[in-house]
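Notes for the one structure printed next.
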Amino acid sequence: MGKDKIELKVFTNSYVEELLREIKITSNIDNYYNVNFPFKERFPKGNTNIFIDNGLSLNPGITGKLADADLESCIILYENLKLNEIQASDPRLWTYLTHVTFWPYMRERWGLENVRKTDSPIGRVYDRYFLIKPNLELLSRNGISRLWWYAHLTVDEKRKDKYELTRILLRREEVPVGILERVVGTNYNTRTGLLEFLQEHDEILSNENLTRQLLKAFNLFGGTKILPLLSKNKIKQILERIKPAA
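Numbering (this note's numbering), first residue to last: 1 to 246.
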């Protein structure tokens, strides 16, 4: 392993539970406003054999260009963090990365100072700094795991640009929410068919309202049909029928 790589650590399950329990019992999230999170070095024995570039940084973006920043960061992270799906579903890993390795990114991208008045700072901590359950919906919310999974679920080595569909996914902020945080995102044909359809219909993808309408209609349709059994082309035919008028 090259000298510019470092082996990542993971927290113990008991320490992750301790961090969550402290928030749940006391509602105290003061540490999430700190320049550095005061974590305890509670790690399992042995090696993780998970390596990452030393000093790797992610782009937190600026208001109005967050989708561009997410695209840049997810490609950087995916290229540097080689995981299998079991490792990539481990709450201990993502909790360590949000609280330690990428804390500066988390403070800028998901800092509590800029939580909307209608949202809860505690809710943001649960959603973005932890992984309560390793399902796709929550993996798509954690501040770091979301970036890795965005790439993993859309990368295609057979394409000239293997991140072609990743770019479609992150073209608009509402697209990953409408796909990966819903049941339709768990199936390859459904997910890929939807992304290719958006790619082929820029008049929808370039319009926020039309994108939202299509995703809402498709998710409602998905609640009444067995979408995982359908081919990618069949998915696109359905989308053609329910697409909003441009």
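Idealized CB from N, CA, C, for every residue including glycine.
Only a predicted model underlies this, so the values are computations on that prediction, with no experimental measurement involved.
Tell me where the alpha helix (DSSP H) around residue i begins and ends.
i, result
"W197", "The displayed chain sequence assigns Phe, not Trp, to residue 197. Start and end: 188-200."
"D68", "66-80"
"I25", "13-26"
"G222", "208-222"
"Y150", "145-152"
"P134", "Per DSSP, P134 belongs to no alpha helix (DSSP H) and is neither H nor E."
"A180", "The amino acid occupying residue 180 in the given sequence is Leu; Ala does not appear at that position. Its alpha helix (DSSP H) spans residues 174-180."
"I168", "164-169"
Using a Cβ-Cβ cutoff of less than 7 angstroms, which residues in the same chain neighbour residue i once the five nearest sequence positions on both sides are dropped?
i, result
"I48", "A quick correction: the sequence has Thr, not Ile, at residue 48. If we look at T48 and ignore the five residues flanking it on each side, its Cβ neighbours are E7, L8, K9, V10."
"M1", "For M1, the predicted structure reports a pLDDT of 48, less than 50, and the residue's modelled location is therefore unreliable. A value from the coordinates is still provided. Taken in chain order, the residues that qualify are F51."
Could you pull out every residue in the same chain whose Cβ sits closer than 6 angstroms to the Cβ of residue i, ignoring the five residues on either side in sequence?
i, result
"Q237", "none"
"G193", "K232, I235, K236"
"T12", "R42, P44"
When DSSP labels each residue in this structure, what does residue i get in the three-state scheme?
i, result
"D53", "strand"
"T101", "helix"
"I238", "helix"
"S250", "Residue 250 falls outside the range modelled here, since the chain spans only 1 to 246, and no answer is possible."
"A88", "helix"
Considering only the beta carbon of each residue, do residue i and residue j sit closer than 9 angstroms?
i, j, result
"T154", "R191", "yes"
"T211", "L227", "no"
For the beta strand (DSSP E) that residue i lies in, which residues bound it at each end?
i, result
"K5", "5-7"
With a threshold of 8 angstroms on Cβ separation, who are the neighbours of residue i within its own chain once the five nearest residues in sequence on each side are excluded?
i, result
"S14", "R42"
Is it a yes or a no for the stretch 198-207 touching the stretch 165-173, going by three-plus beta-carbon pairs under 8 angstroms? The stretch 198-207 makes contact with the stretch 165-173: 3 or more CB pairs, one atom from each, lie closer than 8 angstroms.
Inspect the CB distances between the stretch 77-91 and the stretch 52-62 and report whether three or more fall short of 8 angstroms. Under the Cβ criterion (8 angstroms, minimum of three pairs), the stretch 77-91 counts as touching the stretch 52-62.
Three or more beta-carbon pairs under 8 angstroms between the stretch 56-76 and the stretch 161-170, yes or no? yes
The stretch 95-107 / the stretch 32-40 touching (three or more Cβ pairs under 8 angstroms): yes
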